[in-house]
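Contents: one structure, followed by commentary.
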Amino acid sequence: MPEPFRSTPVFDQNTIPARLRGNHRTKVGVWGVIRVLEGSLNLTYVEPHSQILLTQEVVGVVKPDQPHFVTPLGNVRMQVDFYHEPPKL
Numbered sequence: 045m046p047e048p049f050r051s052t053p054v055f056d057q058n059t060i061p062a063r064l065r066g067n068h069r070t071k072v073g074v075w076g077v078i079r080v081l082e083g084s085l086n087l088t089y090v091e092p093h094s095q096i097l098l099t100q101e102v103v104g105v106v107k108p109d110q111p112h113f114v115t116p117l118g119n120v121r122m123q124v125d126f127y128h129e130p131p132k133l
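If you read the sequence shown in this note's numbering, its first letter stands for residue 45, the second for the next number, and so on.
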């Protein structure tokens, strides 16, 4: 599996940036993989609308330019990895 070209710091429920909690997109040509290290959070895809519960066992994949946002559910630790091609999970 290719290595991510960039990763965010590890965020918790208090440090997840407001921009990740609001409607935003990855850049064109960039895939995002949201990994929950502890706890859980909701990943909401805006277009087309759907929602997935992310846990340590369930990762979230965001396609390039796909609008989405995350909502922590209590205590959580999470990180986002970015790829230039579809990640193989």
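Every residue, glycine too, gets a C-beta built ideally from N, C-alpha and C. Source: prediction; values computed, not measured.
For arginine 65, the enclosing alpha helix (DSSP H) begins and ends at 62-65. Cβ neighbours of valine 72 within its own chain (closer than 7 Å, five residues either side excluded): Pro108, Asp109. The C-beta distance from tyrosine 89 to histidine 112 rounds to 5 Å, short enough to fall under 8 Å. Between leucine 64 and arginine 121, the gap from beta carbon to beta carbon reaches 8 Å or more.
Every alpha helix (DSSP H) stretch that sits fully inside the region 53-108 and reaches 4 residues is listed by chain position as 62-65. Rounded to whole angstroms, serine 84 and tryptophan 75 show a C-alpha spacing of 21 Å.
Closest in C-alpha terms to valine 77, from the list Asn58, Ser51, Phe55, Asn86, comes Ser51. DSSP places phenylalanine 126 within a strand segment (E or B) once states are collapsed to three. Under the three-state reduction of DSSP output, phenylalanine 49 falls in the coil class, being neither helix nor strand.
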